[in-house]
Amino acid sequence: MRRTSVKKRRKTDRVTRRILVLHGPNLNLLGSREPDIYGRATLEDVNRRLTAAAAAAGAEVQCFQSNHEGELVDRIQQAGREGVGFIVFNPAAYTHTSVALRDALAAVRIPFIEVHLSNIHAREPFRRRSYFSDLAAGTICGLGTQGYELALAYALVRAASEPRD
Ligand code: DQA
7 MRRTSVKKRR KTDRVTRRIL VLHGPNLNLL GSREPDIYGR ATLEDVNRRL
57 TAAAAAAGAE VQCFQSNHEG ELVDRIQQAG REGVGFIVFN PAAYTHTSVA
107 LRDALAAVRI PFIEVHLSNI HAREPFRRRS YFSDLAAGTI CGLGTQGYEL
157 ALAYALVRAA SEPRD
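Structure follows, in structure tokens:
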């Protein structure tokens, strides 16, 4: 009998090719919200570009935005159950306040990149503290919407080095 050496993936195994893009509070207003700081692209523009880039690389991106901390916690826990392999996360104002979101990411142990459109180190002092940076695979800030694309590119390179599910 021929034995296969390919290990079967369990439902809960991580699949890096499945990527979650998570946006925190007020990012639904991108495009009209303080455009001098956050730019003119809308959240829909950002999500559309990321979805297209992922599809071109044979990956799947799910995008989720919420103004509510608990909903973001729920979405992270769901990602853990779904076997999402990587998260691109802009926690927005929760960056500077949320132990609950930090704990959710620590619990599911999904690698993530923390993204900020603006350079949080060049703004008000309270924005310099992040509850996420030390857990993150990396952080990107100050590069506008390009930051999301660079984070996705990193996730896709990681995905390419992993076996297909
Ligand atoms: C932000 C920076 C945060 O300080 C702010 O609260 C945001 C957006 C950014 O993308 O630059 O809402 O995360």
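Residue 7 is where the sequence shown starts when you use our numbering, and the numbers rise one by one after that.
Virtual Cβ for every residue (Gly too), placed ideally from N, Cα, C.
Nearest to residue i by CA position, among the options, is which residue?
i, options, result
"Thr-103", "Ala-85, His-74 and Arg-115", "His-74"
"Ile-167", "Ala-128, Thr-48 and Ala-65", "The sequence given here has Ser at residue 167, not Ile. Checked all of Ala-128, Thr-48 and Ala-65; the closest Cα to Ser-167 is Ala-65."
"Tyr-128", "Ile-43, Leu-26 and Arg-23", "Per the sequence shown, the amino acid found at residue 128 is Ala instead of Tyr. Ala-128 has its Cα closest to that of Ile-43, out of Ile-43, Leu-26 and Arg-23."
"His-181", "Gln-68, Pro-117, Ala-59 and Phe-132", "Nothing can be reported for residue 181: it is not among the residues displayed for the chain, which extend from 7 to 171."
"Leu-26", "Arg-39, Ser-72 and Phe-95", "Phe-95"
"Ile-116", "Gln-84, Gln-152 and Val-90", "Val-90"
"Thr-57", "Leu-36, Gly-86 and Arg-24", "Arg-24"
"Leu-33", "Leu-49, Val-79 and Gln-83", "Leu-49"
"Ala-161", "Phe-138, Ala-63, Gln-83 and Asn-53", "Ala-63"
"Phe-70", "Arg-133, Arg-54 and Gly-45", "Arg-54"
From which residue to which residue does the alpha helix (DSSP H) around residue i run?
i, result
"Glu-155", "152 to 166"
"Asp-109", "105 to 114"
"Asp-140", "Here Asp-140 belongs to no alpha helix (DSSP H), and DSSP marks it neither H nor E."
"Ile-126", "Note, Ile-126: premise wrong, no alpha helix (DSSP H); not H, not E."
When the cut-off is 8 Å and only beta carbons count, does residue i lie next to chain C?
i, result
"Thr-48", "Note that chain C does not occur in the displayed structure, where there is just one protein chain."
Tell me whether residue i, by its Cβ, gets closer than 7 Å to a heavy atom of the ligand DQA.
i, result
"Ser-72", "no"
"Thr-151", "no"
"Ser-104", "no"
"Asn-32", "yes"
"Ser-124", "yes"
"Thr-101", "yes"
"Arg-133", "yes"
"Ala-142", "no"
"Asn-96", "yes"
What are the boundary residues of the beta strand (DSSP E) that includes residue i?
i, result
"Gly-144", "144 to 147"
"Asn-96", "90 to 96"
"Ile-119", "118 to 122"
Who does residue i pair with in a DSSP beta bridge?
i, result
"Arg-24", "Glu-66"
"His-29", "Gln-71 and Asn-96"
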